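J.: In my numbering, the protein residues as written are 79 to 278. Quick reminder that beta carbons are idealized off the backbone N, C-alpha and C, glycines included. Being a predicted model, the structure only gives us computed values, none of them experimental. Here it is: the structure, laid out below.
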Ligand SMILES: C[S@@+](CC[C@H](N)C(=O)[O-])C[C@H]1O[C@@H](n2cnc3c(N)ncnc32)[C@H](O)[C@@H]1O
């Protein structure tokens, strides 16, 4: 790692009840869309800074309501998305109206937005194969400041619900990291992780 080189970051967030297909109402992002609002705030915190976008960051939304679909936003190539919830929700809704691609096939929806079938297990596998060091965000984990971060770091968060037992089983071989004993909202966790990596 060269001093001053930007560390690339990935975030994955699991929306346990967000519909994977069929669209939803843009007027009810915290209700009938299964708390999509939580995922939208995560996209906002992961990718947008005051005047621009974090080109070193990707976020994968996991939509696990009525099927499984992953939507990846990649700061390096993202175009036409603005940091307001409705704009991001509009993109997600449009993606959910299309067919779910096969697991592991990342199909482009628009510049910087791709989608694929699969769940967190596939994301963990892909990240590992791509040399990304994975951390599970958990208030009971090891303090974030105890780790040093390599070139590619990935952080996994849940939405308003705890990780399921099946998800916890898939993640049990990775380090879990804590930002303190108080449970915070997911998007706040992302901002804190960025702040920490920006300073190191
Ligand atoms: C709103 S919290 C979920 C709270 C949920 N009731 C639970 O028990 O997991 C959303 C996610 O943010 C992350 N998170 C929240 N507080 C954290 C903390 N203090 N340290 C590390 N991660 C945290 C976790 O991944 C958590 O699943």
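If we count the other Cβ atoms within 10 Å of its Cβ and call it buried at 16 or more, is residue 97 buried or exposed?
T.: buried
J.: Near residue 167, which residues of its chain fall below 6 Å by C-beta distance, leaving aside the five closest residues on each side in sequence?
T.: 104, 107 and 118
J.: Excluding the five sequence neighbours on either side, which residues of its own chain have a C-beta within less than 8 Å of the C-beta of residue 114, listed in chain order?
T.: 93, 96, 102, 107, 108, 167 and 170
J.: Pop quiz: residue 189 and residue 135 are said to be a contact at Cβ under 8 Å. What is the actual Cβ separation, rounded to whole angstroms?
T.: The Cβ separation is near 16 Å, so there is no contact.
J.: For the pair the region 215–229 and the region 170–183, tell me if three or more CB-CB distances fall below 8 Å.
T.: no
J.: So residue 122 is in the alpha helix (DSSP H); what residue range does that whole segment cover?
T.: 114–125
J.: Using 10 angstroms around the beta-carbon of residue 276, count the other beta-carbons present and answer buried if the total reaches 16, otherwise exposed.
T.: Residue 276 comes out exposed.
J.: Can you name, in chain order, every residue of its own chain whose Cβ lies under 8 Å from the Cβ of residue 198, other than the five neighbours on each side?
T.: 90, 92, 140, 234, 245, 248 and 249
J.: Using only the alpha-carbon positions, how far apart do residue 274 and residue 194 sit?
T.: 30 Å
J.: In the DSSP assignment, what are the bridge partners of residue 169?
T.: Answer is none; residue 169 lacks a bridge partner.
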